[in-house]
Amino acid sequence: MRMQTRLAGTSDFGQDRACVLDQGPEGTEPAVSYLFGPTFSEMKAPEQLPEQVREAARIARAADPMDPMNLFNLHWEDDLGEVLAVVMPSELTGVAAPIALLVGSKFPTGSIKVGPAYAILAEKQVFGELQPGRDRLVVPSSGSFATALAWVASRLGYAVHAVLPDDVSSHHVRALDAFGASVELVARDRASLSSVMTAAQRAAEELHSVLIDPWSEFGSYRFHALVTASAIEKLALRLGGQGVGRGVASAFVASVGSGGTLGAGSALRARHGTAVIAVEPFGASPLFDGGFGSHRLRDVCAGIVPWILDTSSTDGVACVSDVDALRGLALLEESGQWLVEDHGIREDVASRLRGLFGLSGVANFMGAIKTVKKLGLGPNDLVVTIAPDGADADKAALETLASIEGPVGHDATIRRVEMLRRVATDGFLEGRDATKRWHNQKYYPWVDGRGKSAEALEAQRTSDFWSAQRERGHEIDRRILELRPPL
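In my numbering, the protein residues as written are 153 to 639.
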């Protein structure tokens, strides 16, 4: 007798195509019938999808965040096919070069992290490394990636155990519970997540589960190098046609995080010569000066150089203040009235800025301002960065700031606008001479600490290695289409 197991929470369209497990004879493992989700090509250009799939995904986005059809919303475009982005008003930047931010808060779960999470799981499944119904996943994270992975995994048929620092936002803990994940909290080692990583390795062994390490999974690099880079190219062309920039990104700025987001810069640099600048917190800055300290910028720095970071394509590092980033977030979230009245920002622009940024997005924005000043960029030089998620996970930090510095008002708004406009160029390292050091800094945590081979590390020195990582997307797409039923 054969049975089929389906995921709960699917639309009629998705119910027919959700991850189905064919149960074999009793006592045997289920076999994957197919993988339900998009290819890299479809995430780059969602217009490739059949119209009925796109419409079902649009409905699911608004009606049911748990619907697997939302897997087809893993792209940067709105319903009109425009890349979701905002060009920051010069009244806030204080520089001539335009700064545009891609908006990640419109992705499922409110975070861009669902894109890399899907890419990692999909490629592991198509190459036979994972199987729904058989494998349980263990993920170490500062919060956002684990939440994203739990959402994707529950859509694809995997259980998740998340290992997080004990100071993680309660927002992530609640979301993980809603997505059916179990949670283990571990005391953080200052700014480093090494204790979290060690606990996750132990949990994977004890639970006979598969460890998903976001700092070493090239699926994350591939998502950004293929999908995010393509979105930036589309955005730059559109803005160039409107007289903003020259049709390509002069610089791409993003926090180090797990290393994947900067993969977009890796691709842009190879194709257009785009300068790639990494963002780190002052005092917790492995790339800038080997710094190792505490900071408030969740997801921005794990205290190591990620295995998947293309150090050979990183042109510099911009350090930012975590406290100033929090003040900047408070400005964007709470100062709309005074931005309009005192600083000449249009009311619709001030309203739109609210809710688009989390702390990491503001840190990226500040890093972009610093990059413009340090590199001497001008009106024709478009600088692109990313707001990975909104402020939902930062509410407690904003409340703490208000209790210390008082509520946002006229005077606080003036101070914080000037803080952004006067971002200084200290804490900026132009890194072409530092790339060898950054590469070598991977040795201790990854070769000595986590069993990577010295040969694998050496291979990362060449541009051919990173080009091959991007090219592998074609093979992954082919395998997804083989496993996926007709849409």
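We put the beta carbon where it would ideally sit given N, CA and C, even for glycine. From a predicted model like this one, the values you see are computed outputs, not experimental measurements.
Does the Cβ of residue i have 16 or more other Cβ atoms within 10 Å, making it buried, or fewer, making it exposed?
i: T614; result: exposed
i: F297; result: buried
i: L505; result: buried
i: S306; result: buried
i: I272; result: buried
i: K594; result: buried
i: A214; result: exposed
i: E194; result: buried
i: E627; result: exposed
i: P433; result: buried
i: S512; result: buried
i: L173; result: Bear in mind that the predicted position of L173 carries a pLDDT of just 42, short of 50, making it too unreliable to give a figure here.
i: P190; result: buried
i: Y310; result: buried
i: F440; result: buried
i: S322; result: exposed
i: Q98; result: Past the edges of the chain, shown from 153 to 639, lies residue 98, and the structure says nothing about it.
i: I556; result: exposed
i: K588; result: exposed
Name the residue from the options whose alpha carbon lies nearest to the alpha carbon of residue i.
i: E562; options: L553, A215, D494 and R602; result: Just to set this straight, residue 562 is His in the shown sequence, not Glu. Selected option, being the one with the closest Cα: D494.
i: A576; options: G542, K547, G528 and K588; result: G528
i: G295; options: A249, F224, P317 and G417; result: P317
i: D533; options: R326, A388, L301 and A249; result: A249
i: E234; options: L289, P241, A355 and A383; result: A383
i: W459; options: A427, E610 and L337; result: E610
i: D219; options: A543, R288, L391 and V304; result: V304
i: R288; options: S346, L363, R326 and V536; result: L363
i: E486; options: V431, G442 and A564; result: A564
i: Y373; options: A388, D441, V290 and K265; result: K265
i: V428; options: V315, R584 and D476; result: R584
i: P260; options: L223, E557 and D578; result: L223
i: G332; options: V312, A351, V469 and L387; result: V312
i: R152; options: V290, G417, G397 and A416; result: Summary: the structure shown does not reach residue 152, with the chain confined to residues 153 through 639, and so no result is reported for it.
i: T570; options: R631, L491, R498 and E634; result: Rather than Thr, the amino acid found at residue 570 in this sequence is Glu. Ranking R631, L491, R498 and E634 by Cα distance to E570 puts L491 first.
i: I240; options: L639, E229 and L572; result: Residue 240 is actually Met in this sequence, not Ile. Residue L572 is the option with its Cα nearest to M240.
i: D467; options: E336, V408, V560 and V338; result: V408
i: V457; options: L483, W590 and A539; result: W590
i: W367; options: V379, S346, K386 and L378; result: S346
According to DSSP, simplified to helix, strand and coil, what is residue i?
i: V315; result: strand
i: T413; result: coil
i: F407; result: Phe is not the amino acid found at residue 407; the sequence shown has Ser there. Correct three-state label for S407: strand.
i: F192; result: helix
i: F331; result: coil
i: D164; result: The pLDDT assigned to D164 is 43, lower than 50, so where the model puts this residue is not dependable; a value taken from the coordinates is nonetheless given after this. Of the three classes helix, strand and coil, the one that applies to D164 here is helix, per DSSP.
i: A611; result: helix
i: E582; result: strand
i: L363; result: strand
i: R574; result: coil
i: V569; result: helix
i: T466; result: coil
i: R286; result: coil
i: E369; result: coil
i: E181; result: Because the pLDDT at E181 is just 47, under 50, the model does not fix this residue reliably, and the value given afterwards should be weighed accordingly. Here E181 sits in coil by DSSP.
i: Q489; result: helix
i: I556; result: helix
i: Y596; result: helix
i: L461; result: coil
i: L187; result: coil
i: D174; result: Its pLDDT being 42, under 50, D174 is placed unreliably in this model, and the coordinates cannot settle the point.
i: G507; result: coil
i: V396; result: coil
i: S306; result: helix
i: S346; result: helix
i: R326; result: helix
i: K604; result: coil
i: R498; result: coil
i: P637; result: coil
i: S321; result: coil
Starting from residue i, follow its DSSP beta bridges and name the residues at the other end.
i: P433; result: V472
i: T640; result: Because the chain in this structure spans residues 153 to 639, residue 640 falls outside the shown range and cannot be described.
i: L337; result: L316
i: P292; result: V315
i: V428; result: F404
If you measure from the CB of residue i, is any heavy atom of the ligand FMN nearer than 7 Å?
i: K604; result: The ligand FMN is not part of this structure, which contains no ligands at all.
Quiz item: Considering only residues of the region 196-224, which uninterrupted alpha helix (DSSP H) runs meet the minimum length of 4 residues and lie entirely inside it, listed in chain order?
Solution: 203-215
Quiz item: Where are the alpha helix (DSSP H) runs, 4 residues long or more, that stay fully inside the region 216-284, in chain order?
Solution: 242-245 and 266-278
Quiz prompt | 3 or more residues per run - each beta strand (DSSP E) lying fully within the region 510-542 | solution = 534-539
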